[in-house]
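S.K.: In terms of my numbering, the sequence shown opens at residue 142 and continues consecutively. Note that the Cβ used here is the ideal one computed from N, Cα and C, for glycine as well.
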Amino acid sequence: MVEDEGIEAMDIKRTLESFGYKVPCVVSTGEEVIEKAIEIKPDLILMDIALKGDITGIEAASDIQDLDIPVIYLTSLSDESTVKKALLTEPYAYLLKPFDVIELRFTVELALFKHETNKKLRESEKSYRTLSENLPGIVYRVFLRQNWKMQFFNDMVTGMTGFLPEELKHGEVCSIDPLIVPKDREYVVKTVKNSIESRKSFEVEYRIKHKDGSVRYFQERGQPVYGDDGKPLYIDGVIFDVTQTHYYRSELEKAYKSWKTTFNSIGDCICFVGIDGTLKQCNLAMESFLGKSSQEFLGKKCWEVVHDVSEPVEDCPVVRMWKSRKRESLEIPIDDKWYKLIADPIFDESGELTGAVHIIADITQRKRTLRDLQTSILEKEITNQVAMKLVGVTSTREIYTVTGNAVKELLPDSYVIVSGISPNEKNVRIMEIIGPNNFLDKLTNILGVDPYKMEFSVDDISMEDLKKHRSEVLTEYKGGLYDLTLKKIPKPICRMIEKIFHVVGVYSIRFSFEGRHFGGVSIALLKDQSIEHKEVIETIVHQASIAIRRSRAEEAIKESLKEKEVLLREIHHRVKNNMQIVSSLLNLQTQYVEGEETQNVLKESQNRVKSMAMLHEKLYQSTDLIHIKFDDYIKRLVSDLFYSYDVHEQIKPVIDVVEVKLNIETAVPCGLIISELVSNSLKHAFPSGEKGEVQVLLQLDDDGYILTVSDNGVGLPENLNYKNAKSLGLQLVYSLVKQLDGEIEMDRNHGTKFIIKFNELEYKERI
């Protein structure tokens with residue numbers, strides 16, 4: 142309290158304290174007022190205007206005005222100038238002395254209440270101002286009773302429009318309405334008026350023309366405020382720049398439309414399934430697949446729509462996916478198509494399963510492609526196997542078996558019948574019947590005869606039936622088994638066989654090559670079966686036809702060779718016999734001639750004939766009519782020569798020859814050479830009964846054969862030139878070596894050794 146009158150100050154202090162207020166101090170000068178106000182900071186100051194000292198109460202109140210302490214003037218001064226000065230300090234009250242106690246009390250209470258209210262209001266305004274300044278939009282108030290004047294509470298208007306507030310003034314009215322795109326303005330006005338009439342808040346989006354010429358999207362939200370008379374006073378609102386949001390939303394809408402277009406253009410059926418199995422969204426392919434619009438099945442359980450059941454199906458991929466939490470799939474046939482059902486899980490950011498993408502893909506084409514690929518692989522594999530087997534097969538019967546098994550492998554549920562025709566093409570008979578186990582016994586009982594023993598004469602078949610029966614392409618027999626059997630089996634029996642074995646179709650193709658026919662392959666199809674692998678079967682039968690033709694030709698060649706072999710063997714036998722006769726004649730002749738020289742000539746001739754006869758005997762006895770096992774021949778030839786000259790006790794034979802076969806072109810001259818050289822050693826190398834040995838060696842080296850005939854006897858005379866010898870034996874040896882295109886050497890050391898090198902002669906065709 143500020144009062145320069147002590148008694149009056151004491152009275153007022155006691156009165157205030159009686160009201161329950163605390164009066165911490167009473168001062169009488171302006172200087173003290175300022176000092177104590179700063180020190181104590183009281184809730185209220187009762188100030189007298191006329192004070193002691195140089196500072197009046199008004200001046201003191203003005204100095205402490207920034208401290209926000211409410212002041213009530215207590216004064217007896219009521220002149221107009223004083224009052225005006227006092228009002229400049231914004232006092233809370235002005236009491237003229239004298240005043241009563243009640244007036245004082247209510248004035249104090251009112252001042253305190255007003256100050257508290259103003260304080261809260263300022264805080265509220267401060268918060269509002271802070272909020273307004275920090276909002277990313279224009280905070281405004283439109284005064285409806287002042288020609289819709291707009292007041293802005295923050296500085297966002299320039300940043301959002303490009304205009305300063307003063308640039309938006311039109312006369313006394315400031316507003317952004319002129320910036321609104323004309324096409325949007327009518328809608329905005331209508332929205333605001335509806336809000337005022339309905340007393341509800343509004344929200345509206347529109348475009349404005351920015352100062353830089355660009356178009357911005359604004360979103361405005363406002364609330365009408367009404368006066369006590371019920372009429373609108375103003376609108377408080379906020380305006381946001383949603384250009385970026387609008388861009389994102391536009392892009393999002395475009396992306397969604399693009400996704401939707403893509404989603405609906407996908408040929409596979411796709412739908413989104415909730416965690417409870419409810420169908421949430423689907424594409425047009427799903428609608429087409431189900432034959433319903435999405436409104437008819439969205440919201441229903443997937444098993445109700447897809448599987449047409451009321452409870453979850455264990456095999457359903459969605460149900461399995463719930464358990465495994467990973468992709469599940471299932472392939473199912475529907476009508477004549479195949480579909481693959483797929484369920485892919487959908488997880489949220491926390492890893493929780495929230496649903497699934499359910500896909501139904503038509504995999505019919507893929508299945509067909511896979512089947513065609515498998516069929517192609519099977520066909521190539523079987524075709525290659527047949528080709529490989531036919532290369533190594535020589536028997537016509539085996540060819541029939543290979544062909545029948547191959548066709549049966551291609552058509553495992555059918556019956557395959559392979560028929561053959563005799564080489565003279567006069568009779569037809571069944572070679573193979575391939576079908577399920579025990580079916581042959583049933584067939585035999587029905588026919589009354591073993592099918593393998595049935596035979597049909599070609600002469601009894603009409604030309605028309607024969608022409609059809611010899612088709613080189615797979616041909617259907619409309620008359621069934623009756624036509625296939627050339628009407629040789631009664632029709633009732635054929636129909637009975639078809640009924641018992643469920644035969645519904647009969648096809649046949651002939652083995653044929655270059656106008657020759659070798660039988661055929663017939664196929665009996667069962668119920669619900671169609672002819673497949675037609676081209677492959679035709680290829681296999683054609684390959685078999687070539688193989689049969691080759692086999693028949695080989696069999697004919699073998700037969701011819703067998704006949705020639707017998708004939709050649711007989712020739713060798715006759716030549717050997719004839720030479721044996723000549724040898725016997727020479728032997729008989731030696732008994733009727735005189736003179737040792739003559740007898741020796743005959744004996745030498747006999748040995749030469751024997752060596753050749755022995756070759757033909759070897760050929761006659763051998764399975765190989767072209768080559769002689771020459772090592773065996775040498776051993777026998779030398780043994781016979783030792784026997785002929787009867788020198789076993791005197792001379793020892795040493796034979797060391799490799800196992801070798803020589804053709805007759807080489808063996809004959811080689812045998813004569815050995816015969817001449819061994820005979821020469823036996824006659825001349827060991828005179829007067831001397832003992833020794835004769836060696837015959839035959840070896841192989843890189844250049845051919847090396848024949849060595851030697852003895853350890855007295856040797857040939859020094860002056861003897863074996864190449865120009867007068868003796869027939871050595872002349873014959875030299876001539877035979879030349880016939881072999883060989884070379885001959887002679888070694889006189891330690892007896893006599895002849896070394897002959899030669900190669901096997903090639904057969905030269907005689908004309």
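Just confirm the distance between the C-beta atoms of Thr223 and Lys193, as a whole number of angstroms; I'd bet it's less than 8 Å.
M.R.: Not confirmed; about 17 Å, so no contact.
S.K.: Measure how close the beta-carbons of Val557 and Val548 come, nearest whole angstrom, since I'm counting them as under 8 Å.
M.R.: Confirmed, about 5 Å.
S.K.: Kindly indicate which three-state DSSP category His311 falls into: helix, strand or coil?
M.R.: It is a strand residue.
S.K.: Have a look at Asn860 and Glu817 and give me their C-alpha separation to the nearest angstrom.
M.R.: Going from the Cα of Asn860 to the Cα of Glu817 covers about 20 Å.
S.K.: Go through the region 771-796 residue by residue and report every complete run of the alpha helix (DSSP H) that reaches 4 residues or more, in order.
M.R.: Taking only runs of at least 4 residues, the alpha helix (DSSP H) segments lying wholly in the region 771-796 are 771-786.
S.K.: State buried or exposed for Val457, treating a residue as buried only when at least 16 other CB atoms are found within 10 Å of its CB.
M.R.: Reading the sequence as shown, one finds Cys at residue 457 and not Val. Buried, since its Cβ has 16 or more Cβ neighbours within 10 Å.
S.K.: For Gly496, report the span of its beta strand (DSSP E) as first-last.
M.R.: Run containing Gly496: 494-503, per the beta strand (DSSP E) assignment.
S.K.: What separation, rounded to the nearest whole angstrom, lies between the Cα atoms of Ala826 and Asp852?
M.R.: Rounded to whole angstroms, Ala826 to Asp852 spans 7 Å at the Cα level.
S.K.: Is the beta carbon of Gln840 less than 7 Å from the beta carbon of Ile847?
M.R.: It is a contact, given that the beta carbons lie within the stated cut-off.
S.K.: Just to confirm before moving on: does the CB-CB distance between Tyr350 and Leu305 stay below 7 Å?
M.R.: Note that residue 350 is Lys in the sequence shown here, rather than Tyr. Their beta carbons are not under 7 Å apart, which means Lys350 does not touch Leu305 by this criterion.
S.K.: By the three-class DSSP mapping on this structure, what secondary structure does Asn890 have?
M.R.: Note: Asn890 maps to coil in three-state DSSP.
S.K.: Just to confirm the assignment, what range does the alpha helix (DSSP H) spanning Gly415 have?
M.R.: Element bounds for Gly415: not the alpha helix (DSSP H) but the beta strand (DSSP E), 410-415.
S.K.: If I measure Cβ to Cβ from Asp772 and keep anything under 8 Å in the same chain, skipping five residues before and after, which residues do I get?
M.R.: Correct list, in chain order: Val798, Val799, Glu800, Val801, Leu839.
S.K.: Counting only the same chain and skipping the five closest in sequence on each side, list residues whose C-beta sits under 7 Å from that of Met142.
M.R.: Excluding positions up to five away in sequence, the list reads Ala150, Ile153, Lys154, Val164, Val167, Leu187.
S.K.: So, is the C-beta of Leu581 closer than 7 Å to a C-beta in chain C?
M.R.: Given the protein chain composition of this structure (a single chain), no chain C is represented.
S.K.: Spell out the partners DSSP gives Phe293 in its beta bridges.
M.R.: Looking at the DSSP assignment, Phe293 forms a beta bridge with Tyr281.
S.K.: Excluding the 5 residues flanking Phe909 on each side, which residues of the same chain have their C-beta closer than 8 Å to its C-beta?
M.R.: Because residue 909 is not part of the residues shown, which for the chain are 142 to 908, the question remains open.
S.K.: Tell me which residues share the same chain as Leu873 and place their Cβ nearer than 6 Å to its Cβ, disregarding the 5 neighbours each side in the sequence.
M.R.: Within the same chain, Leu873 has close Cβ partners Glu817.
S.K.: Expressed to the nearest angstrom, what Euclidean distance is found between the alpha-carbon atoms of Ser671 and Pro474?
M.R.: Roughly 20 Å between the two C-alpha positions.
S.K.: Between which two residues does the alpha helix (DSSP H) holding Ala202 run?
M.R.: First-last of the alpha helix (DSSP H) with Ala202: 198-204.
S.K.: So what's Leu848 in DSSP terms, helix, strand or just coil?
M.R.: Strand at Leu848.
S.K.: Considering only C-alpha positions, which residue in the set Leu420, Leu425, Glu428 is nearest to Trp444?
M.R.: The candidate whose alpha carbon is nearest that of Trp444 is Leu420.
S.K.: Could you check which residue in His311, Lys776, Leu374 has the C-alpha nearest to that of Val366?
M.R.: Answer by Cα proximity: Leu374.
S.K.: When you compare only the Cα positions, how much space is there between Glu884 and Ile805?
M.R.: Roughly 20 Å separates the two Cα atoms.
S.K.: Spatial neighbours of Leu667 within its chain, please: CB distance less than 6 Å, with the 5 preceding and 5 following residues excluded, ordered by chain position.
M.R.: Counting only Cβ-Cβ distances below 6 Å, and skipping sequence neighbours, we find Asp554, His643.
S.K.: In terms of residues, what are the limits of the alpha helix (DSSP H) holding Cys166?
M.R.: Where Cys166 is concerned, there is no enclosing alpha helix (DSSP H), given that its DSSP letter is neither H nor E.
S.K.: Please state whether the Cβ-Cβ distance between Pro239 and Tyr214 is less than 7 Å.
M.R.: Going by C-beta atoms, Pro239 is not nearer than 7 Å to Tyr214.
S.K.: Is the beta carbon of Leu218 less than 7 Å from the beta carbon of Ile190?
M.R.: Yes, Cβ-Cβ distance for Leu218 and Ile190 is below 7 Å.
S.K.: Are the beta-carbon atoms belonging to Lys478 and Ser470 less than 7 Å from one another?
M.R.: No; because the gap between Cβ atoms is not below 7 Å, this pair is not in contact.
S.K.: Spell out the partners DSSP gives Ala665 in its beta bridges.
M.R.: Ala665 pairs with Tyr556, Val647.
S.K.: Output needed for Thr849: all residues of its chain with C-beta closer than 6 Å, excluding positions within five of it in sequence on either side, in chain order.
M.R.: Leu838, Ile896.
S.K.: Quickly, what does DSSP pair Pro365 with across the bridge? List them, please.
M.R.: DSSP lists Ile376 as partners of Pro365.
S.K.: Are Phe652 and Gly660 touching if we call contact CB-CB under 7 Å?
M.R.: Going by C-beta atoms, Phe652 is nearer than 7 Å to Gly660.
S.K.: Evaluate the contact criterion for the region 672-683 versus the region 561-577: three or more CB pairs, one atom per stretch, below 8 Å.
M.R.: They do not touch, by the three-pair rule.
S.K.: Nearest to Val459 by alpha carbon, out of Ala426, Phe413, Leu425?
M.R.: With distances taken between Cα atoms, Val459 lies closest to Phe413.
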